[in-house]
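Participant:
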Amino acid sequence: MEPRNPDYARDVEELFRKAAFVMDVGYELVAISPGRVETRLTVQPRHLQQDEVIHMGVQATMADHTAGAAAGSLIAADQLVLTTGFTMNLLQAAVGEELRCRAQVLRAGRTLSVVESEVHAVARGQEKLVSKATVTLAVLARKR
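Residue 26 is where the sequence shown starts when you use this note's numbering, and the numbers rise one by one after that.
Below you can see the structure in the form of structure tokens.
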């Protein structure tokens with residue numbers, strides 16, 4: 026996949042810096058390439074639900090924002106992406122010291138992009154797939 030913006034990596038990094046909620050939760054950008062983004066989260070007690078499992082909301086936000094960044098790596102500089110559809114499957118309980126999310130654009134269209142995000146929990150060095158999301162994003166003109 027070819028980026029339409031030569032400064033796509035800088036713009037994706039900025040997308041993370043400007044998203045206050047995402048920064049508050051603690052997600053970190055790990056890797057960016059055209060149509061692909063990887064993020065991670067060092068799990069803290071505030072990320073857990075009452076049974077010591079990483080909260081689904083933490084996983085969903087990670088999957089959504091990482092997908093948006095992946096789609097954002099392929100758009101023009103005068104565009105933005107917004108989620109219009111989101112489906113997530115929880116595959117097993119998420120337990121570990123870290124979450125990693127890898128998002129890959131499946132289709133980058135003129136008006137819609139479809140991205141798949143996989144969330145992995147890392148426990149004692151072992152990575153397990155814990156959830157998977159399909160995210161549809163609208164490609165819109167950025168208002169200046």
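Backbone N, C-alpha and C fix where the C-beta goes; we use that ideal spot for every residue, glycine too.
Beta carbon of Pro-28, beta carbon of Ser-98: below 8 Å?
Facilitator: Yes.
Participant: Just checking my contact of Met-48 with Ala-85 at CB under 8 Å: how many whole Å lie between their CB atoms?
Facilitator: Contact doesn't hold; Cβ gap of about 17 Å is too wide.
Participant: Check whether the Cβ atoms of Leu-107 and Leu-54 sit closer than 8 Å, and answer yes or no.
Facilitator: Not a contact, by the Cβ cut-off of 8 Å.
Participant: Express the C-alpha separation of Asp-103 and Ser-17 in angstroms, rounding to a whole number.
Facilitator: Outside the modelled stretch of the chain, which goes from 26 to 169, sits residue 17, for which no answer is possible.
Participant: Is the beta carbon of Arg-71 less than 8 Å from the beta carbon of Glu-123?
Facilitator: Contact: no.
Participant: DSSP has Asn-114 in a bridge; who is on the other side?
Facilitator: Asn-114 pairs with Lys-157.
Participant: Got a sec? Which residues, its chain only, sit under 7 Å from Leu-105 by beta carbon, not counting five neighbours each side?
Facilitator: Around Leu-105: Leu-165, Arg-167.
Participant: Can you find at least 3 beta carbon pairs, one from the segment 118 to 134 and one from the segment 145 to 163, that sit closer than 8 Å?
Facilitator: With the cut-off at 8 Å, the segment 118 to 134 and the segment 145 to 163 touch.
Participant: Helix, strand or coil: how does DSSP classify Arg-71 here?
Facilitator: Arg-71 falls in the helix class under three-state DSSP.
Participant: Please classify Thr-136: is it buried, with 16 or more other beta-carbons within 10 angstroms of its beta-carbon, or exposed?
Facilitator: Result: exposed.
Participant: Could you check the C-alpha separation between Tyr-52 and Glu-152 for me, to the nearest Å?
Facilitator: So the two alpha carbons sit approximately 17 Å from each other.
Participant: Taking Cβ positions, are Ala-128 and Ala-101 nearer each other than 8 Å?
Facilitator: For Ala-128 and Ala-101, no; Cβs fall outside 8 Å.
Participant: Could you tell me if Ala-56 is buried or exposed, where buried requires 16 or more neighbouring beta carbons within 10 angstroms of its beta carbon?
Facilitator: Label assigned to Ala-56: exposed.
Participant: Can you tell me where the beta strand (DSSP E) with Ala-101 in it begins and where it stops?
Facilitator: Here Ala-101 belongs to no beta strand (DSSP E), and DSSP marks it neither H nor E.
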